[in-house]
Amino acid sequence: MDTNAHYTLTLGAFLNAIAALTLHAPDSGSLAKERQKWAENLPLPAELEGIRDTLKALSHGTPLPEQELLQRAAEYAALPSPDGKASSHYLSCVFQHISLSGSTAKHGKQQIYAPSTLDKAVFPVESLQKGAFPDHAKAFCEKLRELPTDIGAPLFLKAFLSLCENFLWCVPFPGTTTATGYEISAYDAARIQSAIAQALLVAEDSDTPFLLCGGDISGIQSYIFNASSEHSKGLAKFYRARSFYLQALTKSVVLAILDATGLGPCAQIMDAGGRFVLLLPATDKIKAQLATLEQKLQHWLFDHFHGELGVSLSYDTCLGTDELSGPAFRAAFDRFNDALDSAKLHKFSRLMQSRTSPVSDLDYTKGICELCRLNPQSDTLKHKDVRVCEQCRAQIDTIGFRLPKTQYTYLIYEKKTAEKLSSDEVPLFNDISLRFAEEIDAKETAQVLEISNIRNREDHAFHPLAAHLPVFTEEDIARWEKDGLGEKDEEQLIHQGLPAKKDEPKNLSMLAEESRHMECDPETQENALVGVALLGTLKADVDNLGLIFSAGLGKAISIANSAALSRMMNHFFAYQLVQRIKNEFPNIYVVFAGGDDLFLLGPWDSIVEFAKILAEDFKRYVGGNPCITLSAGIAISKPHVPMRTLGEQAEELLERSKEWRGDSGGVIQKNAVTLFDITQSWKDFPERLEEAKLFESMLRTGKLSMGSIFRLLHYSQEARRVYCEGKLEHIIYRSRMHYNFARHIEPHIQQGESESGEQDIEYLTAKEEKLLSALMTDHKKLITARLPLSCALYRLRKE
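In this text, residue positions in the sequence shown follow the numbering used here: the first is 6, and each later residue adds one.
Here it is as structure tokens:
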């Protein structure tokens, strides 16, 4: 494929997208005029200056082969034809078009996106004043001029696309005249148009010129959590390093495919949570290249991970020009997903066909790695007195050490054989290596495949790290010393034998300690630590995701809006939520997040509070669409429990949430959270947390004792046995509960105005009395009371 050809097609496709931004500003000219202006002023690397004349011709509408390809690509993707009219309409929320009932009506009021960059909150709103586009366009122009043009055409193109995504994700693609018609952003339209056009360029003579190629990583949970928990030193860095490594591994597979086929980055139309989809030309040559890469990939994975980790590929689904939109695309995309799921069941099939022995011949005479418990131990490598293998050493020292350091801004992926790797580089698939860098030297980019900026969107292609590892701050250390959460040893704070140092990660035991707090004891009037040091594990994912993508868009489904939907869904989990955690819940450890799911660890009370915010933010993010919901499971445990067990416990609770049928016991509703063995809808969950605060207040003021809390927990369990399990012999709890209520709680109910000005007993407030009375009369309320009662107990119990 002519290299300049796909640059021309990509930049040509984005001329409309960029012009759309100024087209939506007042006093802009026609679309053709704006296109011409951008074609003339677009910054380009020196080696791409030769295509500027072609870009100018495209902007004038001159009949060229590239113009014809782009027009056909837009037609096949069912993109509207630009009408050249200025407009101030805003992009409507992509999620409001989703319906699982067959109706095409939007849910609730029309919601729109404000012109902003992706690094800001991207929640839809109901209304905006006109005139927000000019400032947005001005900011884009300024950033466009700052793009580095001395790094070569491939890296420049990726930086350019990343910048366009940051600014054009919220700009309506021109061609419709009403706000309700804007379903595709200028960025998504241009990217899909470019992908289709470059496929047509290579395979335009075929009846089925398009090939869907996808990959999915499997064994994630096993790979991350199989580490031995016997050695806590550096374990937090190790978990984080492994989670990040999986992102880098997936990236290397995509880079290898694009490098082998000679296609541009727009070929990748979806990338979320370890699964990627590319739109490629359906040629025999490319299919043969993919088969060769697949066999090489399976051998490489088996050699490095011995069957524990796999990346399945599917590249059998070919599409005709009439299968990129409507029901035909839905059927083709369903076939593709079925093929990819099938490939996951045979992830080493080509390895077996080549008669490679599935029995590993590793030499374990020197022992096994004390961390991963998989690879042979190196006789020369140690990490904090723990003997490790080369793979674990590289992940801890290279990835785990550098990720928290703010000076490391860039990830550099480049072609480099194993013999040439230095100790600060991580080997990936197909002789691709990864290294961290503080700055970029343009003279050293010849072999570089990609530069990712992991800190900001200032330059190069932005790559959000869907991870966060809590570290000690100076404020943390001062508070821990003051509250007695550690012991002072030679001017250093020690917790369970490990030092608490600034910028050092907190291990799981330290995170559990963060759930304890200093509080004045009402009896002794002295400050004391209260609360139980417990760890919370949260797993959550979107309900009915497959159905949403398959049927949610109805007849309007197309490759363009499916890609937009995937990108926006991934943005919520991989970026929006992670930023919220970093800013407001810094003690929550993001093990992984992306696609449609997440896995978090942290102080149990922080995890519970964040779960409420997660549900609120997600509902707001999808425009309140009742068809798009998520479910979650929260496991509470001691911090010494192995990470794998924590994940399994949370997964089991997540499955219970997905089987929730509501109070009526009817059809499965999902959209729920399970905590302390109680499943609640997200609608009722905040009410349970408010009840927990009421129980806490009653404990602090002496209106309830710890004994009363334990008795109420017992009655809650007995009510479940009677009303949920049909064990009527436990009905005796009701008389015992009423007796204890009369003895311990009624004295705190004020019967009238006190005759004396002094009050020697704490009376219940109206809300507290209403809550306790409801427990006496409503067995459903009593059963679900286990959740708030447990929260109050763990918050105030002393260890």
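For glycine and all other residues, C-beta sits at the position ideal for the given N, C-alpha and C. All of these numbers come straight from a predicted model, not from anything done at the bench.
Starting from residue i and walking both ways along the beta strand (DSSP E), at which residues does that stretch end?
{"i": "C323", "result": "315-324"}
{"i": "F441", "result": "437-442"}
{"i": "T634", "result": "Unbroken run through T634: none, as it is neither H nor E."}
{"i": "Q685", "result": "683-686"}
{"i": "I222", "result": "215-223"}
{"i": "N532", "result": "532-535"}
{"i": "K544", "result": "540-547"}
{"i": "F604", "result": "602-608"}
{"i": "L75", "result": "Looking at the DSSP string, L75 is not in any beta strand (DSSP E); the run it does join, the alpha helix (DSSP H), is 70-81."}
Under a Cβ-count criterion, where at least 16 other Cβ atoms within 10 Å of its own Cβ denotes burial, should residue i be classed as buried or exposed?
{"i": "A561", "result": "exposed"}
{"i": "Y744", "result": "exposed"}
{"i": "M357", "result": "exposed"}
{"i": "A809", "result": "For the chain, the structure presents residues 6 to 804; residue 809 sits outside this window and is missing."}
{"i": "Y118", "result": "buried"}
{"i": "L254", "result": "buried"}
{"i": "I586", "result": "buried"}
{"i": "I673", "result": "exposed"}
My output table needs one value for residue i: the three-state DSSP class, helix, strand or coil.
{"i": "R460", "result": "coil"}
{"i": "S795", "result": "helix"}
{"i": "E492", "result": "strand"}
{"i": "N592", "result": "coil"}
{"i": "G186", "result": "The pLDDT assigned to G186 is 46, lower than 50, so where the model puts this residue is not dependable, and the model offers no usable value."}
{"i": "H473", "result": "strand"}
{"i": "D193", "result": "helix"}
{"i": "S97", "result": "strand"}
{"i": "I766", "result": "coil"}
{"i": "C271", "result": "helix"}
{"i": "A110", "result": "Caution applies to A110, whose pLDDT of 47 falls short of 50 and renders its modelled position unreliable; the value that the coordinates give is listed next. Coil."}
{"i": "C169", "result": "helix"}
{"i": "Y415", "result": "strand"}
{"i": "K809", "result": "Nothing about residue 809 can be reported from this structure: the residues present for the chain run from 6 to 804 only."}
{"i": "H500", "result": "strand"}
{"i": "K624", "result": "helix"}
{"i": "A451", "result": "coil"}
{"i": "H719", "result": "helix"}
{"i": "I445", "result": "coil"}
{"i": "V431", "result": "strand"}
{"i": "L709", "result": "coil"}
{"i": "A18", "result": "helix"}
{"i": "D58", "result": "helix"}
{"i": "V130", "result": "strand"}
{"i": "S702", "result": "helix"}
For a quick check, are the C-beta atoms of residue i and residue j less than 9 Å apart?
{"i": "L205", "j": "A337", "result": "no"}
{"i": "G638", "j": "L659", "result": "yes"}
{"i": "A18", "j": "A202", "result": "yes"}
{"i": "F215", "j": "C323", "result": "yes"}
{"i": "L704", "j": "I714", "result": "yes"}
{"i": "T8", "j": "G267", "result": "yes"}
{"i": "V258", "j": "G312", "result": "no"}
{"i": "F353", "j": "Q303", "result": "yes"}
{"i": "L53", "j": "A158", "result": "yes"}
{"i": "R245", "j": "G405", "result": "yes"}
{"i": "K420", "j": "L540", "result": "no"}
{"i": "P691", "j": "K617", "result": "yes"}
{"i": "T326", "j": "Y81", "result": "yes"}
{"i": "E524", "j": "L801", "result": "yes"}
{"i": "A62", "j": "L69", "result": "yes"}
{"i": "F310", "j": "L379", "result": "yes"}
{"i": "A277", "j": "A579", "result": "yes"}
Rounded to whole angstroms, how far is the Cβ of residue i from the Cβ of residue j, which I believe are closer than 8 Å?
{"i": "K349", "j": "S223", "result": "5 Å"}
{"i": "G279", "j": "I225", "result": "6 Å"}
{"i": "H576", "j": "L160", "result": "No, H576 and L160 are not in contact; Cβ-Cβ is about 23 Å, not under 8 Å."}
{"i": "I456", "j": "A466", "result": "7 Å"}
{"i": "R196", "j": "C271", "result": "5 Å"}
{"i": "L439", "j": "E449", "result": "Not really, about 15 Å apart at Cβ, beyond 8 Å."}
For residue i, report the span of its alpha helix (DSSP H) as first-last.
{"i": "H141", "result": "138-150"}
{"i": "R280", "result": "Taken as a continuous stretch (DSSP letters only), R280 belongs to no alpha helix (DSSP H), being part of the beta strand (DSSP E) at 280-286."}
{"i": "L659", "result": "648-663"}
{"i": "L298", "result": "289-310"}
{"i": "A569", "result": "564-576"}
Just to confirm, does residue i get its C-beta within under 8 Å of one of the non-hydrogen atoms of the ligand FMN?
{"i": "N21", "result": "You won't find the ligand FMN in this model; it holds no ligand whatsoever."}
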